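Undergrad: In our numbering, the protein residues as written are 11 to 100. Glycine residues also receive a C-beta, built at the ideal position from the N, C-alpha and C atoms. Just so you know, these numbers come straight off a predicted model, no measurement behind them. Dropping a structure here in structure tokens format, bear with me for questions.
Laid out in structure tokens, this is it:
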């Protein structure tokens, strides 16, 4: 089993693309992928950037964003933490 950050299963479950997050965060798609993969040291700035991007996607989706918002609220503080083996994704 490989390590994955919580933002990945949240993103996949709710069909949020890297491009969608990148546009919401005003960064490149590659930067979102790097953050998701944890290729460098995690910073508070990155956590805030990803949270802001998810919030923007939720707002943009309107009523359709309610399920994403519910799961986001559970995981907001843990978006860049790694899920442990056997831990329920959502």
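#1: Classify residue 43: buried if its beta carbon has 16 or more other beta carbons within 10 angstroms, exposed otherwise.
#2: On a Cα-Cα basis, can you pick out the residue from 98, 89, 95 that is closest to residue 16?
#3: Return helix, strand or coil for residue 5, following the three-state DSSP convention.
#4: Please work out which residues of its chain come closer than 7 Å, Cβ to Cβ, to residue 48, disregarding the five sequence neighbours upstream and downstream, and give them in chain order.
#5: Taking its Cβ as the centre, do 16 or more other Cβ atoms sit within 10 Å of residue 76, making it buried, or is it exposed?
#6: Using the DSSP secondary-structure output, state which residues sit across from residue 92 in a beta bridge.
#7: Apply the 10 Å Cβ neighbour rule to residue 97 and answer buried if 16 or more other Cβ atoms are within range, or exposed otherwise.
#8: Which residues in the same chain have their Cβ closer than 7 Å to the Cβ of residue 68, if we skip the five residues on either side of it in sequence?
#9: Could you give the distance in angstroms between the alpha-carbon of residue 73 and the alpha-carbon of residue 41?
TA: Straight from the coordinates:
#1: Residue 43 comes out exposed.
#2: Restricting attention to 98, 89, 95, the CA atom closest to the CA of residue 16 is found in 89.
#3: It is not possible to answer for residue 5, since the shown part of the chain is limited to 11 through 100.
#4: The residues 15, in chain order, have a CB closer than 7 Å to that of residue 48 in the same chain once the five nearest residues on each side in sequence are set aside.
#5: A residue is called buried when at least 16 other Cβ atoms come within 10 angstroms of its Cβ; residue 76 does not meet this threshold and is exposed.
#6: For residue 92, which the question treats as bridged, DSSP gives the partners 15.
#7: Classification for residue 97: exposed.
#8: Closer than 7 Å at the Cβ level, and outside the excluded window around residue 68, lie 75, 78, 79, 82.
#9: Rounded to the nearest angstrom, the two C-alpha atoms are 28 Å apart.
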